[in-house]
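Chains as they are written, first to last, in this note's numbering: chain A, 354 to 722; chain B, 354 to 722.
Positions of the beta carbon are idealized from the N, C-alpha and C atoms, including for glycine.
Here's the structure, in structure tokens; my notes come after.
See the structure below:
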């Protein structure tokens, strides 16, 4: 193989696929980045069998071929190269790979390219198109609600679904649930898959375009792929039955509160300082008259209490929540004023931006005596 | 005790003494910040017996007294308080401390203030004055050369010395030595002490004034104190005999090189990528004609080679160094062009800014075959 490519373009491709390079693995080949020539372009690939990423860039191909180079070294080297272009060529004699750019010259040992598990693109008719800014927002506003505990795999992923003309993403750890939907053009295929949250986070990080671009999502029974701008991300799906979120989202409430988001968030964060080291990070709320009293009590440290104004209609209510579940959603709400809807101190409540039905957060209270 | 103080001032004082709050200690009292009223001001103190910091601020004293509060919670709480002023008062009944600011109210358990090892200021005639920007520069330009290995304590500190009208700081780990001096006004007392590098780093971080201020340094046989702007930092000294640095700095050289610092640093960092994981991080230099060839070789990864232009006078020379010892000094040199002075491949060399005799770095080569 012998190629010449733009340094910044190569750097972009290496950083893009880097996320899929395995770090701890009994298979050394997975620590490498596979580089191959294809139709007058160069394709970089990495996979750790959880996620596979391919990035295709333009290059001048002088001789076709395929090589595998240590991902760790390639990544650090490429971003530091002094020249504007980079030459990569195989030294047939000693099987090393010569990389030159400006005054710098590296001779790297190659990994056996025939051992690399080349990423196979999904062959399927299941296909929808979503704008990248919509996909990024869906992910950012829901995935934090996933479980981190691997014991129940279904809750470590987000449920992605389409209806006639919307796409929605739902995440839950059974104590809280985040639901977000966005309108999209009418799609002929109905999507309903559970995608690992780690993969969705990587997808969101790679969706960085300034002007909206189309992301093609394709899927089979057990895999999903996101394709945009020369980038192809392949992931396994999580199998199993996601809970029926429609049954989880309550509809009728006896106490409705609206409150300034910044004021509420700052007060919750302060009061939570003392509860944080406790087992459940519990803080109490008393919604009464035109005020919200927020309290915490940690026998080893002390007590905190804060009273802020809020607009409360319906029954007065005392209720306790895990403080982190409250601050997580507040940080993701764009609206200045938020709405909190509750029933009893033992039944789930809803937190939403006011006047926006596309984003709903359900939170289960903690039982207190 | 009952005091009212400005929130930002209190926050400054808490963050300042925070560096001395013990985190891992069998003595719970050392995890606290001691707050006491004194001459119509409030003094905050923390100590872990390695370093002690006192910060004095103005406040309205309503009732004198002394308290100790958990440093960790006080620090996080104060910077988040909603009001512009903070009230702190002891609740005599239950021995808790009530902190109120705006809508927030905290009731913290207090630690027994009579157990706190109050910091005693040094009583001594040994005293010099140094501008804070000079002290900060001395520390920044030398302390990185200290040993991190605690087995030879003398090398974990910097030697601070005064001569007739200069102050100097010298640090070495026996493989490299950094020397920096600055002119100061004639001092009547001669200083010669070894200060732990960790303390010097904290001192440098706290010296953040925009306009130069005087720092008073006082010392006894086994302690040193830095005093400025209401802040008092007390540290133990390291005992022992520091090596005679004048004998370490070579004077005659057979090869003299001048080179562009950025060009040299970037090339060294690239070539060092491959040597970094080796035992000694060794890279080789060949100074010959008008060029510098920098190479590294890692049998498990590959080779790197870079040739950059340099101005070389005297004998050609091949020599090897620990790459980190080279990059450390290059990052601290302000000059665009640097000078490297060498003798043989086995004798120490010097790296300096050109035309500046106040900053000298000595580095011992690594033996190669």
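Distance check for residue 711 of chain A and residue 535 of chain A, CA to CA, integer angstroms please. 7 Å
Check your understanding: Which parts of the stretch 465 to 548 of chain A are runs of the alpha helix (DSSP H), unbroken and 4 residues or longer, counting only runs that do not cross its ends?
Key -> 485 to 495
Practice prompt. In angstroms with no decimal places, state the Cα-to-Cα distance between residue 618 of chain B and residue 684 of chain B.
Written response: 8 Å
Report task. Could you list which residues in chain B have their beta carbon closer than 8 Å to that of residue 657 of chain A, in chain order? Result -> 457, 458, 459, 460, listed in chain order.
* C-alpha gap between residue 551 of chain A and residue 588 of chain A, whole angstroms -> 10 Å
| What span of residues does the beta strand (DSSP E) with residue 409 of chain B cover, start to end? | According to the DSSP assignment, residue 409 of chain B belongs to the beta strand (DSSP E) that extends over 404 to 411.
Item to complete: Tell me, please, whether the CB atom of residue 423 of chain A is closer than 8 Å to any CB atom in chain B?
Response: yes
Margin query: At the level of alpha carbons, what is the spacing between residue 593 of chain A and residue 507 of chain A?
Written below: If you take the alpha carbons of residue 593 of chain A and residue 507 of chain A, they lie about 6 Å apart.
For residue 597 of chain A, which option in A/564, A/531, A/616 has the closest C-alpha, if you only look at C-alpha atoms?
Comparing alpha-carbon positions, the option among A/564, A/531, A/616 lying closest to residue 597 of chain A turns out to be A/531.
| Which residues in the same chain have their Cβ closer than 6 Å to the Cβ of residue 724 of chain A, if we skip the five residues on either side of it in sequence? | Nothing can be reported for residue 724 of chain A: it is not among the residues displayed for chain A, which extend from 354 to 722.
Check: Does at least one heavy atom of the ligand MN sit under 7 Å from the Cβ of residue 489 of chain B?
Finding: Ligands displayed in this structure: none; no statement on the ligand MN is therefore possible.
- Identify the contact partners of residue 449 of chain A in chain B, using a Cβ-Cβ distance below 7 Å as the criterion. Neighbours of residue 449 of chain A across chain B, judged by C-beta separation under 7 Å: 655.
Beta-carbon contacts of residue 709 of chain B that lie in its chain and below 8 Å, excluding the five residues immediately before and after: 688
Under a CB-based cut-off of 8 Å, is residue 430 of chain A close to chain B? Closer than 8 Å: yes.
> Opposite residue 638 of chain A in the DSSP bridges: which residues?
Replying inline: Paired residues: A/647, A/672.
Worksheet item: So, does the CB of residue 437 of chain A fall closer than 8 Å to a CB anywhere in chain C?
Response: Protein chains in the displayed structure are A and B, and chain C is not among them.
| chain B partners of residue 619 of chain A, CB-CB under 8 Å? | 433, 435
When you compare the CB of residue 598 of chain A with every CB in chain B, is at least one pair closer than 8 Å?
no
> Quick one: what does DSSP say residue 382 of chain B is sitting in, helix, strand or coil?
Replying inline: helix
Practice problem: Check whether the stretch 357 to 366 of chain A touches the stretch 416 to 425 of chain A, counting contact only when three or more Cβ pairs, one atom from each stretch, lie closer than 8 Å. | Solution: no
- Task: Would you mind giving the Cβ-Cβ distance between residue 695 of chain B and residue 672 of chain B, rounded to the nearest angstrom? I have them listed as a contact below 8 Å.
- Result: 6 Å
Short of 8 Å in beta carbon distance, which residues of its chain neighbour residue 518 of chain A, apart from the five on each side in sequence? Order them along the chain.
536, 537, 538, 539, 540
With a cut-off of 8 Å on the beta carbons, I'd call residue 318 of chain A and residue 522 of chain A a contact; round off their distance for me. In the structure displayed, chain A extends from 354 to 722; residue 318 of chain A sits before or after that span and is not available.
Using a Cβ-Cβ cutoff of 8 Å, what residues of the stretch 374 to 408 of chain B are near chain A? List them in chain order.
none
Q. Between residue 446 of chain B and chain A, is there a C-beta pair that is closer than 8 Å?
A. no
Rounded to whole angstroms, what's the CA-CA distance from residue 376 of chain A to residue 612 of chain B? Just pull it up for me. 38 Å
**Asked** Name the chain A residues that come within less than 7 Å of residue 723 of chain B, Cβ to Cβ?
**Response** Past the boundaries of the shown model lies residue 723 of chain B; chain B is included only from 354 to 722, so the question cannot be answered.
| task | Pull up the DSSP beta-bridge partners for residue 662 of chain B, would you. | result | B/644
inquiry  = For the pair the stretch 567 to 580 of chain A and the stretch 470 to 478 of chain A, tell me if three or more CB-CB distances fall below 8 Å.
reply    = yes
- Message: Just to confirm my understanding: we take residue 394 of chain A, look at its own chain, exclude 5 residues before and 5 after, and list those with CB closer than 7 Å. What are they?
- Response: 409, 410, 411, 412
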